[in-house]
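J.: Respectively, the protein sequence lines represent chains A and B.
Its first residue numbered 1, the first sequence is counted upward by one per residue in the working numbering.
Its first residue numbered 1001, the second sequence is counted upward by one per residue in the working numbering.
The C-beta atom is built at its ideal place from N, Cα and C for all residues, glycine as well.
First, the structure itself, so that you have it in front of you.
There are 2 protein chains.
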Amino acid sequence: MQKSLSVYDSDGSTFAPLVVIELALETKEEAIAWLLNRVRDKQQYGGAELLVEQLTPGAQGTEKVNPNVYVVGASWQRLLYGAEDVGLFKEFNDGSMRGFTYANKHNFKEFQGDGDGFLSMAECQYIIKHELDNLRAKDEAHVPGYPKMKLYPGKSVIRRMQSKGILVQVFPLHEKEELKRLSFSWYKNIKLSFQPLDDIRHYFGEGMALYFGFLEYFTLALIPMALIGIPYYLFDWEDYDKFTVFAGFNLVWCTVILELWKRLSASLAYGWGTLSRKKAFEEPRPGFHGVLGVNPVTGRAEPLYSNAKRQLRIYLVSIPFVLLCLYLSLYVMMIYFDMEGWALMIHDEEPTFWTGVLLFIPSIIYAVVIEIMNLIYRYAAEFLTGWENHRLKSTFQNHLVLKVLVFNFFNCFASLFYIAFVMQDMVLLRQSLATLLITSQILNQIMEAFLPYWLQRRRNKKAHKRMIKTMGDKELPLSEQVKLEADMSTYLGTFDDYLELFLLFGYVSLFSCVYPLAAVLVVLNNVTEVYSDAFKMCTVFKRPFSEPAANIGVWQLAFEAMSVIAVVTNCALIGMSPQVKSYFPESETQLILWVVGFEHFLLASKFILTFVIPDVPKHIQIKLSRLEFESLEALKKRKVVHAAAN
Amino acid sequence: MQKSLSVYDSDGSTFAPLVVIELALETKEEAIAWLLNRVRDKQQYGGAELLVEQLTPGAQGTEKVNPNVYVVGASWQRLLYGAEDVGLFKEFNDGSMRGFTYANKHNFKEFQGDGDGFLSMAECQYIIKHELDNLRAKDEAHVPGYPKMKLYPGKSVIRRMQSKGILVQVFPLHEKEELKRLSFSWYKNIKLSFQPLDDIRHYFGEGMALYFGFLEYFTLALIPMALIGIPYYLFDWEDYDKFTVFAGFNLVWCTVILELWKRLSASLAYGWGTLSRKKAFEEPRPGFHGVLGVNPVTGRAEPLYSNAKRQLRIYLVSIPFVLLCLYLSLYVMMIYFDMEGWALMIHDEEPTFWTGVLLFIPSIIYAVVIEIMNLIYRYAAEFLTGWENHRLKSTFQNHLVLKVLVFNFFNCFASLFYIAFVMQDMVLLRQSLATLLITSQILNQIMEAFLPYWLQRRRNKKAHKRMIKTMGDKELPLSEQVKLEADMSTYLGTFDDYLELFLLFGYVSLFSCVYPLAAVLVVLNNVTEVYSDAFKMCTVFKRPFSEPAANIGVWQLAFEAMSVIAVVTNCALIGMSPQVKSYFPESETQLILWVVGFEHFLLASKFILTFVIPDVPKHIQIKLSRLEFESLEALKKRKVVHAAAN
């Protein structure tokens, strides 16, 4: 942990600042005093027992700054108890991963002295966030000074203040030294090596590390496809019917890599201690509202919202809205085909170089329109899912992912399906696929990395100039660092990054047999993606709170659904290839029946494979069962002793 | 519990006999003494702390009887500790189901006084079996008196003696009174009512009760099919193309009932306390052998068998054997078609009543041959799976089920598929289906209930006559009851019963659209099946040890696989119907593409439905989460207290 920055707490001793709380400028004194008091109070009195201090603004504070910025930290002992609270798994002396307990602390591998350095800063920040979120109202009826900001026993104080806007933001601080080291080993020197996943996990947490792990795995898995694709592209450019073999390869590939990823991700998650970590009880998400009632599970007072009402909203508003959007997307697609036909007409009438270029224009425009529609829909979907008022963040997330996936899938691939199976025009399919893929990749890279970076630079330039003027080359003081980081954009989670990978996976698995270069393009894109994503995580965004994750969650399902669709699509493409058609010269019916039979066989094999390949590698399975067995045995022994004593 | 029968233990006090252990006639004295000593020894010295006495043979023992028969019981306190050991769930004061703990015993609903009557006899017997199985060798190198019967620390004594044949059998005793009551409310008075599932569970355990629950549910679920089937059969007998609607109905039906069963079975299992019960660590099954090594999970000495060897046996012997059997089955099918053609030829040449009857003869012979082949294959599969030397009973069971299912499915349905899709002869399909179904039902009922009953009666007649002569109408003494029950056949588990239901489900879901009476026949069969199964459980077989079960296990999967096959089959049948064909008069290709599209849509909906419908009903989900939440909270409180004390 960084030692260089520290603040003095009320007792006069120093502590390392971990998390920043920013309250609104006009927050009333009594509310602030009350909140700080609750944060500092001992746990047995319902407090969080954390250390918190107001940030003293830097000397050069000439412009108006918000004084209500607080830094939060904790004693080592408190953090270790917190680690037990949140159920952290750490490496035990015997090499297995076990739930950390304070009583047992000296049996953990990296525990030395008083435990300084045992927890990473990201873990400490996660613990502090957990403790802050779990700070619950006792018998306060409202936030002091704000009679309208109702509280009830058990309500999370931080969440209420956040949803009412008094609490502007809570974010963890970056570690300059650590970040410099990480960014150097990660993206600063361009070399052929794996990403430092353990370091990424150490700094950003498991959820982020799994995303980068998946990105890397996906890129590596694409390399064989790309290697096969290049000669295909170079030598069989006009030989459309050779793609049968490629389609077959495609099929096997996308099934196998997804199965293997599950095993790899289990290995990673085991090593990071998240695989067998128990999920904590999920609290209502901040935006959730309802009539105050009693939660049947916890018995606590909590807003309740009738499920029937939510279902009504989903079925009567959300689903029709999604269908309407799909219809709109279809309409835009039809306009695209009109434009396409018009360009073709012009080219046919008078073929010059410029009309040749014109042929690509509709596809490019369509690709841009698709990206814009996806973006707008993304916001609409978020609004709508929020309005559906889901109680848990996880269900909210699932409904959002489902909405966005369905639309994005349709929006990106509908035209390709139409060209492939209705128009059956393989040349147009190839051309359209290439344009869509390349345009969307370029747009994405711009939107995702260069735009935020440019905005960030413009913003920082002024601040930085002033800084250098006053400070010279010295290290930034804490107050300045906090101010800089507070102004950075907030990273909204891995959603959009996964979504992009999902669409790329779709382009490759669905249609790469007609355009073998797709895999090559995606590999190139992914390599730059690693760098731009790493860059944006390290320099553009505020540090995100680490999120423990044991797998990529709903995305595994989404990718698997895509691979099932890929089986169907590739079989259909195989059936349509002249090569295969030539085997059944007399009867189209026979051909279709064979293809359908083959497809059913593949789908069945796929499901059997999913069953047969264990999701967790054997050696980890053994370690997990050993833990379970030991806890069973310990329980038994306790009982025997107990029985003997009776 | 039955009070009428009791034996005196070594202290002179009485105990209720629960389980019988029969050792071989020529077992050496020292082995017996050692075993009894181990069974009686205190738990802290590694004993089972049970009560065990030799059965004093009845006065009229004129014929040679085995004197090495022992009855086992336990004190109430011991049984209650055992209940905690095996993780029994019982109803708590607040109506939820909780893991029983001795310390907390007075908070359980039905606990009164010293706990007499809290556990059902089946539970007591299960506990005793568990404790006997867990009686482990300490430092004995072999069973005393048998230097060749090697032991090693941690080896289950009972399993070793059983596998070496010294231990002939261990079985729980029937309760005459309880059994009389159960059989009366279950099958003795024929009335329209549900089965007394709770009583069945009380007497036979959860596994058996779930089987009967499933049988009942399946029968009820078939009634709508049967009701629709009758008018179809009566009025549209020759109107083959009306079956499209019926096939559609079939499709929805088999998906929905399986989903609903999952929910119903979760409700039942929750009420019986098996839903959230943790699985105990699985010991190697009795027949497992290998080289002594160290189990990586438990760290105990245990025979190990290389997985590679097992895989070799599976891939090089078992799979080829299964394929050979499938080929044989195909060969027999072809002979059947030859016979069929021959009978048809005779009938066509000279159609009389007798040649009309002759038409059915090949199907009947084929049905009988199928049953015989299934029976022989069943034994072969069991032998082969044993030879594969699986470590766990559950993997053994899964491999056996898979082998048997594949063959039985093929054997029973291959001819029907051939007739339906290769010959496309709907009249023959209907006739063949009817004959197969009726013949196999009749055969099954005979094999399953009447034959064992008849054998049993013949066996018992002599014994019973003698009994009545000496005893008059008085109750049987314990020694006689034990002797009678020891001679009864052993119930081998629900495997064959589920298999029969699986095949019946196949007949109905796959082809009932061409023979709507199938559902009616299956309903009739199931109603008699309930009675004959109940009858055989109560009078023909030894009482089985109760098996805790939370669901029907691998059979749920098997039924779901069948319902997927049913979707494909029914879609194909719909596509072949003249009615549907008439919509596409000009193009067969169009027809096939539509049918395939429809089928894919159905399959997708099926999988989405499986996801959308929660497997556990909401109110039970809430109860389960409440338990989990409470245990989390308790843990947290304990930690806070702990931290405050530090």
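Do residue 135 of chain A and residue 170 of chain A have their C-beta atoms within less than 7 Å of each other?
T.: no
J.: With a threshold of 8 Å on Cβ separation, who are the neighbours of residue 488 of chain A within its own chain once the five nearest residues in sequence on each side are excluded?
T.: 456, 540, 541 and 542
J.: In chain B, which residues lie with their C-beta within 7 Å of the C-beta of residue 298 of chain A?
T.: 1629
J.: Excluding the 5 residues flanking residue 167 of chain A on each side, which residues of the same chain have their C-beta closer than 8 Å to its C-beta?
T.: 21, 22, 23, 24, 158 and 161
J.: Let me see if you follow: with CB-CB separation under 7 Å, is residue 626 of chain A close to chain B or not?
T.: yes
J.: So, residue 206 of chain A versus residue 272 of chain A, is the Cβ gap smaller than 7 Å?
T.: yes
J.: Would you say residue 609 of chain A faces chain B, with C-beta separation under 7 Å as the test?
T.: Contact with chain B is absent for residue 609 of chain A, since none of that chain's Cβ atoms lies less than 7 Å from the residue's Cβ.
J.: Is there a Cβ from chain A that is less than 7 Å from the Cβ of residue 1592 of chain B?
T.: yes
J.: So, is the C-beta of residue 382 of chain A closer than 7 Å to a C-beta in chain B?
T.: The beta carbon of residue 382 of chain A sits no closer than 7 Å to any beta carbon of chain B.
J.: Which same chain residues, not among the five before or five after residue 1107 of chain B, have their C-beta less than 7 Å away from its C-beta?
T.: 1092 and 1093
J.: Using the three-state DSSP reduction, which class does residue 1127 of chain B fall into: helix, strand or coil?
T.: helix
J.: Within its chain, find whatever has a CB closer than 8 Å to the CB of residue 1393 of chain B; leave out the 5 residues flanking it on each side and keep chain order.
T.: 1282 and 1285
J.: What do you reckon, are the CB atoms on residue 125 of chain A and residue 18 of chain A nearer than 7 Å?
T.: yes
J.: Quick check on the DSSP output: the alpha helix (DSSP H) that includes residue 181 of chain A runs from which residue to which?
T.: 176-183
J.: Among A/304, A/568, A/46 and A/250, which residue has its Cα nearest to the Cα of residue 519 of chain A?
T.: A/250
J.: Quick one, which of A/87, A/14 and A/102 has its alpha-carbon nearest residue 72 of chain A's?
T.: The candidate whose alpha carbon is nearest that of residue 72 of chain A is A/14.
J.: Buried or exposed for residue 289 of chain A, going by 16 or more other Cβ atoms inside 10 Å?
T.: By the Cβ-count criterion, residue 289 of chain A is exposed, with fewer than 16 other Cβ atoms from all chains shown falling within 10 Å of its own Cβ.
J.: Is it true that the CB of residue 53 of chain A sits closer than 7 Å to the CB of residue 78 of chain A?
T.: No, these two residues do not count as a Cβ contact at 7 Å.
J.: Identify every residue that forms a DSSP beta bridge with residue 1070 of chain B.
T.: B/1021 and B/1054
J.: Looking only at its chain, what residues have a beta carbon closer than 7 Å to the beta carbon of residue 452 of chain A, apart from the 5 residues adjacent to it on each side?
T.: 489, 536 and 540
J.: How long is the line joining the alpha carbons of residue 1433 of chain B and residue 1321 of chain B, rounded to whole angstroms?
T.: Looking at the two C-alpha atoms, the distance is approximately 28 Å.
J.: Report yes if the CB atom of residue 516 of chain A is closer than 7 Å to the CB atom of residue 229 of chain A, and no otherwise.
T.: Yes, the pair counts as a contact, with Cβ atoms nearer than the cut-off.
J.: Can you tell me which of the three DSSP states residue 447 of chain A falls into?
T.: The answer is helix: DSSP assigns residue 447 of chain A an H, G or I state.
J.: Which same chain residues end up closer than 8 Å to residue 269 of chain A when comparing Cβ atoms and leaving out the 5 residues on each side of it in sequence?
T.: 206, 210, 275, 549, 550 and 551
J.: So, with DSSP's three-state summary, where would you put residue 1605 of chain B?
T.: helix
J.: Taking only three categories from DSSP, how would you classify residue 251 of chain A?
T.: helix
J.: Is it right to say residue 1702 of chain B is buried, meaning 16 or more other beta carbons lie within 10 angstroms of its own, or is it exposed?
T.: No answer is possible for residue 1702 of chain B: the residues shown for chain B start at 1001 and end at 1646.
J.: How is the alpha helix (DSSP H) around residue 1165 of chain B delimited, first residue to last?
T.: Per DSSP, residue 1165 of chain B belongs to no alpha helix (DSSP H) and is neither H nor E.
J.: Does the beta-carbon of residue 1631 of chain B, which I'm using as the reference point, lie nearer than 6 Å to any heavy atom of the ligand ADP?
T.: Ligands in the displayed structure: none, and consequently the ligand ADP is not present.
J.: Distance cutoff 7 Å, beta carbons only. Does residue 632 of chain A sit that close to anything in chain B?
T.: Interface residue, yes.
J.: In three-state DSSP terms, what is residue 630 of chain A?
T.: helix
J.: If I follow the unbroken alpha helix (DSSP H) through residue 1078 of chain B, where does it start and stop?
T.: From DSSP, the alpha helix (DSSP H) with residue 1078 of chain B extends over 1076-1085.
J.: Beta-carbon of residue 407 of chain A versus every beta-carbon of chain B: anything under 7 Å?
T.: no
J.: If I measure Cβ to Cβ from residue 153 of chain A and keep anything under 7 Å in the same chain, skipping five residues before and after, which residues do I get?
T.: 137, 138, 139 and 301
J.: Quick check on residue 633 of chain A: buried or exposed, where buried means 16 or more other Cβ atoms within 10 Å of its Cβ?
T.: exposed
J.: What is the DSSP secondary structure of residue 40 of chain A, counted as helix, strand or coil?
T.: helix
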